[in-house]
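A.B. asks: Following numbering that gives the first Met the number 0, the numbering of the sequence shown begins with 0 at its first residue and continues without gaps.
No residue lacks a Cβ here, since even glycine has one placed at the ideal position from N, Cα and C.
Let me give you the structure first, and then I'll get to my questions.
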Amino acid sequence: MSDLRLWRYLAETASGGVERGEILASSSAQAHQLLAARGVVAVEIIALGTASRSQQAGGLTDNHIADFTEDLAELLGAALPIHDALASLADGEGRRVLRGFILRLEASVRGGRSLSEAMRSDPARPPRILVAMTAAGEESGQLAATLSDLAARLRAEQVLKRDLAGQLAYPAVLVCLIYLTLVFLAFIVLPQFETIFADAVVEPPPETRFVIAVGAFLRIYAVWIPVGLVGLAWLARTVLARFPIGASRLRRAVPIVGQALWKLDAAAFARTLGVLLKAGLPVNRAESVARDAVGDPGMRNGMSRAADRIRAGITLSRALDEQNILPDDLVRQVRLGEETGELDTFLLRTADRYERMARSRLSRALELLGPILVAILGICVAGVIAAVMSGVLSLNDAVF
Numbered sequence: 000m001s002d003l004r005l006w007r008y009l010a011e012t013a014s015g016g017v018e019r020g021e022i023l024a025s026s027s028a029q030a031h032q033l034l035a036a037r038g039v040v041a042v043e044i045i046a047l048g049t050a051s052r053s054q055q056a057g058g059l060t061d062n063h064i065a066d067f068t069e070d071l072a073e074l075l076g077a078a079l080p081i082h083d084a085l086a087s088l089a090d091g092e093g094r095r096v097l098r099g100f101i102l103r104l105e106a107s108v109r110g111g112r113s114l115s116e117a118m119r120s121d122p123a124r125p126p127r128i129l130v131a132m133t134a135a136g137e138e139s140g141q142l143a144a145t146l147s148d149l150a151a152r153l154r155a156e157q158v159l160k161r162d163l164a165g166q167l168a169y170p171a172v173l174v175c176l177i178y179l180t181l182v183f184l185a186f187i188v189l190p191q192f193e194t195i196f197a198d199a200v201v202e203p204p205p206e207t208r209f210v211i212a213v214g215a216f217l218r219i220y221a222v223w224i225p226v227g228l229v230g231l232a233w234l235a236r237t238v239l240a241r242f243p244i245g246a247s248r249l250r251r252a253v254p255i256v257g258q259a260l261w262k263l264d265a266a267a268f269a270r271t272l273g274v275l276l277k278a279g280l281p282v283n284r285a286e287s288v289a290r291d292a293v294g295d296p297g298m299r300n301g302m303s304r305a306a307d308r309i310r311a312g313i314t315l316s317r318a319l320d321e322q323n324i325l326p327d328d329l330v331r332q333v334r335l336g337e338e339t340g341e342l343d344t345f346l347l348r349t350a351d352r353y354e355r356m357a358r359s360r361l362s363r364a365l366e367l368l369g370p371i372l373v374a375i376l377g378i379c380v381a382g383v384i385a386a387v388m389s390g391v392l393s394l395n396d397a398v399f
C-alpha cells in the first residue's frame, strides 16, 4: 500500500446527481473501479500526489480509533456490507488522518482482503487489540457485536483518562502558581529590600540572608529550573526504562498512588483479556494482545514469561501466580473463571471493581494534595514576609 495516490474525482451518481471527493488508489484505473463499486461513474479523476509513508503512518489517536470502531460497529449492525460501511465512514469523516486510514481499508477490502488483514498491513499500525478483535469477529460471524464491545471498552478507557486528567489539573495549576509566586517575590519584592540591607551597617539575620540568597538564585536560574526539571524527568524515565523490574517495584512503592496505578494496570489487563476471550480468541493469543494494555514495563515482562509457561501447557492462573505480578485477588478470580468456564465474565467483573477502587484511591489522594499545596504556598509567602520583616526589625534595633 506504499504506492497509494490521492485522487480528486468528479462523478455522476445513479440518480443523476454530481458527487465530488477524494479517494486513495494505486492507479487511475483502480480509482475508477473503486468508484464504480460505490455505484457512481467517474467523470473526471485528477491525481493530487503520492501518499507518503509518513503521511499514511502517523497521527491515529485513541479518539480516532474509538470513533472509528463505534461508528463502524453501528453501520455493520445495520447490515451494511463492510466496503459500503467503510465508504460511508470515509465520506462523512473530516479528519484527514482518519479518513486516509478508512480509505486505505476500503481499497484493501474491495481488493479482496479481509478487514483484519487490511488493518494488520496498514502503515498507520492500528492497535493490536483492534486487529485481534476484528479477526475474532470475522471468524465468529459476529463482527458488529465484537466491535461494539470493543468500542464500549475504548470509551470507558477514555472516560477514565479524562477523569484522572481533570483531577490532576488543579494540583498542577497550584504547583505553577507556587513557582510563579516565588519568581514574583524574587524579581519584584526582594530587590527593594536588598538595597536597604546592602547599605545597612549591621548584617541581617540568617533567615533574611537565606531568603535574599534564594531570590538571587531564582533571578539567575528562574527560566532554567523548569527546563532542568523536565530534563531530569526525561533522564529518570530513560534510566527506569532500562531497568523495568526495578522501575516496577519503585513505582509500586509510592504511597497510595503506586498501589492505585498497579490496580489500574491490572484492571486494564483483565478487561482487555476478558473482551478478547468473550470475542472467541484462545487464551494464548488473547494474553499476548492484552499485555499491550499494561503500562508497567516490569509487569509486561512478567506477563511475557507467563506466556511462555502457558505455551508449555500450564493454566493461565498458575502462570500468573508464578510471576507474582498481579494482585492475588485477580489471580484467584482467574482460577475461579477457569474452573467454572466463565473466565471472561470473572475478568470483566474484576476489572470493573479494580477500576472503581483505583479511581477512589486516586481521588482521595488528589483531594488531599490540593490543600497541602495551598498550605505550601501560604508557608512560602509567609516565610518570605517573616524573613524580610525580621531583617527590617533588626535594622530598627541597630538604630535605636
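Quick check: what's the CA-CA separation for Ser51 versus Pro122?
C.D. replies: Here the question's residue 51 lines up with position 52 in the sequence shown. Here the question's residue 122 lines up with position 123 in the sequence shown. Confidence is the limiting factor: at Ser51 the pLDDT is only 46, short of 50, which leaves the residue's position unreliable and the question unanswerable from this model.
A.B. asks: When DSSP labels each residue in this structure, what does Gly230 get in the three-state scheme?
C.D. replies: Along the sequence shown, one-based indexing puts residue 230 at 231. Collapsing the DSSP output to three states places Gly230 in a helix.
A.B. asks: To the nearest angstrom, report how far apart Gln54 and Val96 are at their CA atoms.
C.D. replies: Position 55 of the sequence shown, counted from the start, is the residue given in the question as residue 54. Position 97 of the sequence shown, counted from the start, is the residue given in the question as residue 96. Residue placement at Gln54 is poorly supported in this model, since its pLDDT is 45, which falls under 50; the coordinates are not used for a value here.
A.B. asks: Is the separation between the beta-carbon of Gly214 and that of Leu189 shorter than 7 Å?
C.D. replies: Working through the sequence shown from its first residue, we reach residue 214 at position 215. Working through the sequence shown from its first residue, we reach residue 189 at position 190. One thing to note: Gly214 has its Cβ within 7 Å of the Cβ of Leu189.
A.B. asks: Spatial neighbours of Asp295 within its chain, please: C-beta separation below 6 Å, excluding the five flanking residues on both sides.
C.D. replies: Start at 1 with the first residue of the sequence shown, and residue 295 comes out as number 296. The answer, listed in chain order, is Ser247, Asp264.
A.B. asks: Over what stretch of residues does the beta strand (DSSP E) that includes Ala311 continue unbroken?
C.D. replies: Numbered from 1 along the sequence shown, position 312 holds the residue referred to as residue 311. Counting along the chain, Ala311 falls outside any beta strand (DSSP E), and DSSP gives it neither H nor E.
A.B. asks: Taking 7 Å as the limit between beta carbons, can you name the residues of its chain near Arg304, skipping five residues before and five after?
C.D. replies: Numbered from 1 along the sequence shown, position 305 holds the residue referred to as residue 304. Residues of the same chain with a CB within less than 7 Å of the CB of Arg304, apart from the 5 flanking positions on each side, are Gln322 in chain order.
A.B. asks: Measure the Cβ-Cβ separation of Leu365 and Gln157 and say whether it is below 7 Å.
C.D. replies: Within the sequence shown, numbered from 1, the residue matching residue 365 stands at position 366. Within the sequence shown, numbered from 1, the residue matching residue 157 stands at position 158. Taking 7 Å as the Cβ cut-off, Leu365 and Gln157 do not qualify as a contacting pair.
A.B. asks: Could you tell me the alpha carbon to alpha carbon distance between Met118 and Asn300, rounded to whole angstroms?
C.D. replies: Translated into the one-based positions of the sequence shown, residue 118 becomes position 119. Translated into the one-based positions of the sequence shown, residue 300 becomes position 301. Roughly 26 Å separates the two Cα atoms.
A.B. asks: Using the C-alpha atoms, what's the distance from Gly230 back to Ala212?
C.D. replies: Against the sequence shown, residue 212 aligns to sequence position 213. Against the sequence shown, residue 230 aligns to sequence position 231. Ala212 and Gly230: Cα-Cα distance of roughly 25 Å.
A.B. asks: Would you identify the three-state DSSP class for Ile101, choosing helix, strand or coil?
C.D. replies: If you number the sequence shown from 1, residue 101 lands on position 102. If DSSP states are grouped into helix, strand and coil, Ile101 belongs with the helices.
A.B. asks: Below 8 Å on the Cβ atoms is my guess for Leu79 versus Leu88; work out the distance and round it to an integer in Å.
C.D. replies: Locating residue 79 in the sequence shown gives position 80, counting from the first residue. Locating residue 88 in the sequence shown gives position 89, counting from the first residue. So it is not a contact: roughly 10 Å between Cβ atoms.
A.B. asks: By Cβ distance, which residues of its chain are closer than 8 Å to Arg363, with the 5 residues on each side in sequence left out?
C.D. replies: As a working note, residue 363 is residue 364 in the sequence shown. So the list reads Ile255, once near-sequence residues are dropped.
A.B. asks: Quick one: Cα of Phe192 to Cα of Leu181, how far?
C.D. replies: Locating residue 192 in the sequence shown gives position 193, where the first residue counts as 1. Locating residue 181 in the sequence shown gives position 182, where the first residue counts as 1. Between Phe192 and Leu181, the C-alpha separation is close to 15 Å.
A.B. asks: Grouping DSSP H, G and I as helix and E and B as strand, with all else coil, what is Leu163?
C.D. replies: Taking the sequence shown and counting its residues from 1, the one referred to as residue 163 is at position 164. Helix, per DSSP.
A.B. asks: By the DSSP assignment, the beta strand (DSSP E) with Glu11 in it spans what residues?
C.D. replies: Position 12 of the sequence shown holds residue 11. Note, Glu11: beta strand (DSSP E), 4-11.
A.B. asks: Looking only at DSSP bridge pairs, what is Ala24 linked to?
C.D. replies: As a position in the sequence shown, residue 24 is number 25, starting the count at 1. Answer by DSSP bridge pairing, in chain order: Arg4.
A.B. asks: Give me, in chain order, the residues of the same chain whose beta-carbon lies closer than 6 Å to that of Leu239; leave out the 5 immediate sequence neighbours on both sides.
C.D. replies: Numbered from its first residue, the sequence shown carries residue 239 at position 240. Ala246, listed in sequence order.
A.B. asks: Taking 7 Å as the threshold (C-beta atoms), are Ala46 and Arg4 in contact?
C.D. replies: As a working mapping, residue 4 is identified with position 5 in the sequence shown. As a working mapping, residue 46 is identified with position 47 in the sequence shown. Yes, these two residues count as a Cβ contact at 7 Å.
A.B. asks: Keeping to the same chain, check which residues put their C-beta closer than 8 Å to that of Leu335; ignore five residues upstream and five downstream.
C.D. replies: As a working mapping, residue 335 is identified with position 336 in the sequence shown. Answer for Leu335: Phe345, listed in chain order.
A.B. asks: Using DSSP bridges, identify the partner residues of Ala46.
C.D. replies: Here residue 46 is taken as the residue at index 47 of the sequence shown, counted from 1. In the DSSP output, where bridge partners are listed per residue, Ala46 has Trp6.
A.B. asks: May I ask you to report which of helix, strand or coil DSSP gives Arg112?
C.D. replies: Here residue 112 corresponds to residue number 113 of the sequence shown, with the count starting at 1. Correct three-state label for Arg112: coil.
A.B. asks: Could you tell me which uninterrupted beta strand (DSSP E) segments, each at least 3 residues in length, are contained entirely in the segment 256-313, listed from first to last along the chain?
C.D. replies: List check, beta strand (DSSP E) in window: nothing returned.
A.B. asks: Taking all protein chains shown into account, decide if Trp233 is buried (16 or more other Cβ within 10 angstroms of its Cβ) or exposed.
C.D. replies: In the sequence shown, the residue the question calls residue 233 occupies position 234. The residue in question, Trp233, is exposed, as its Cβ has fewer than 16 Cβ neighbours within 10 Å.
A.B. asks: Tell me where the alpha helix (DSSP H) around Arg317 begins and ends.
C.D. replies: Start at 1 with the first residue of the sequence shown, and residue 317 comes out as number 318. Where Arg317 is concerned, the enclosing alpha helix (DSSP H) stretches over 315-322.
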